[in-house]
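**Student:**
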Amino acid sequence: MTLLRVPPSVGATIAAFALTLAGCREQPVRTYNVAKDTPPPPTASADPHAGHDHAAGELPPGHPPIGGAAMAGPTAAPGSVSDSLTWAAPDHWAAKPLGAMRRGSFAPKNAAGEADCSIFVFPASSNPLRANLDRWRGQIGLARLTDEQFATAVTTLDSDGLSFATVDLLGKQPGVDQATRVLGAVLYRGEEAWFFKLTGPDAAVAAEKASFLDFLRTVRPTAP
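For the sequence shown, this note's numbering begins at 797 and goes up steadily by one.
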């Protein structure tokens, strides 16, 4: 019988392969549970006013608009009807977006500058006259009214069966160099308290005082 001679290099290869097979057979089968990737939680909005009503979101009364390029709300026409009252603004008062709380919004302009006219309505039971006058005073750096001051601070304007409590305030807002003037009128009608407020630089508001009083005289109850 003839014996085949295997070259040493081939024999070493065969031996290594056999050892590898033996090692594979001895290794136990292992299973692993791999957790699914969890998506990161949503990040907070970068807008500091997110969630606010910007049409708002304004704060009553006279809070500056917020929200930058937010969609503008409806616009008050010079003559408009809102809930239980109607009015007609002077021709030179430009209508402004109403927002969520304003029932009327105008920008009176004259040679002395520009003012802001706002109209709000709130429940009469939670909006006493004196508390609101003190709030307006606080907005322009004035102290609360004393009993004596309150007795003389209000002037009554009667028109078409409606009675407005009017005030003329002059003060200075924090951080504003020039004086700020506020012409305000409050009308209590049934369960409603209506607030008409003209505010802005002293000279600009003073130039509109006659127009503001004439504007109040156009206010009428809405026809049933």
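From the three backbone atoms N, C-alpha and C, an ideal C-beta is built for every residue, glycine too.
1) Taking all protein chains shown into account, do 16 or more other C-beta atoms lie within 10 angstroms of the C-beta of GLN969, making it buried, or fewer, making it exposed?
2) Provide the residue(s) that pair with THR952 in DSSP beta bridges, ordered along the chain.
3) Mapping the DSSP letters down to three states, classify GLU822 as helix, strand or coil.
4) Take GLN974 and list the residues in its own chain whose beta-carbon comes closer than 6 Å to its own, dropping the five residues that flank it on each side.
5) Short check: CB of VAL1001 to CB of LEU979, under 8 Å?
6) Taking contact to mean at least 3 C-beta pairs separated by less than 8 Å, is the region 918 to 935 in contact with the region 1006 to 1019?
7) Look at the Cβ atom of ARG977, then the Cβ atom of LEU881, and state whether they are nearer than 8 Å.
8) Within 10 angstroms of the Cβ of SER959, are there 16 or more other Cβ atoms? Answer buried if so, exposed if not.
9) Residue range of the alpha helix (DSSP H) that ASP912 falls in?
10) Quick check on the burial criterion: 16 or more other C-beta atoms within 10 angstroms. Buried or exposed for VAL972?
11) When you compare only the Cα positions, how much space is there between SER914 and ALA896?
12) Would THR962 and ALA989 be called neighbours here (beta carbons separated by less than 8 Å)?
13) For LEU994, does the three-state DSSP call read helix, strand or coil?
14) Rounded to a whole number of angstroms, what is the C-alpha to C-alpha distance between ALA890 and ASN906?
15) Using 8 Å as the threshold, is the C-beta distance between THR1018 and ALA911 below it?
16) In three-state terms, what does DSSP make of SER841?
17) Taking buried to mean at least 16 other C-beta atoms within 10 Å of its own C-beta, is GLY934 buried or exposed?
18) Would you identify the three-state DSSP class for LEU966, choosing helix, strand or coil?
19) Rounded to whole angstroms, what is the Cα-Cα separation between ASP964 and PRO924?
20) Could you check which residue in TYR984, ASP930, ALA947 has the C-alpha nearest to that of ASP954?
21) Would you call ARG940 buried or exposed, if buried means 16 or more other Cβ atoms sit within 10 Å of its Cβ?
22) Alpha carbon to alpha carbon, how far is LEU966 from GLN945? Give it in angstroms, no decimals.
23) Ends of the alpha helix (DSSP H) at LYS905?
**Tutor:** Reading from the atomic positions:
1) exposed
2) ALA961
3) No answer about GLU822 holds up, because its pLDDT of 47 lies below 50 and its placement is not dependable.
4) PRO997
5) yes
6) no
7) no
8) exposed
9) Note, ASP912: premise wrong, no alpha helix (DSSP H); beta strand (DSSP E) at 912 to 919.
10) exposed
11) 12 Å
12) no
13) strand
14) 11 Å
15) no
16) Caution applies to SER841, whose pLDDT of 39 falls short of 50 and renders its modelled position unreliable; the model cannot decide the point.
17) exposed
18) strand
19) 18 Å
20) TYR984
21) exposed
22) 14 Å
23) No alpha helix (DSSP H) contains LYS905, which is instead part of the beta strand (DSSP E) from 900 to 906.
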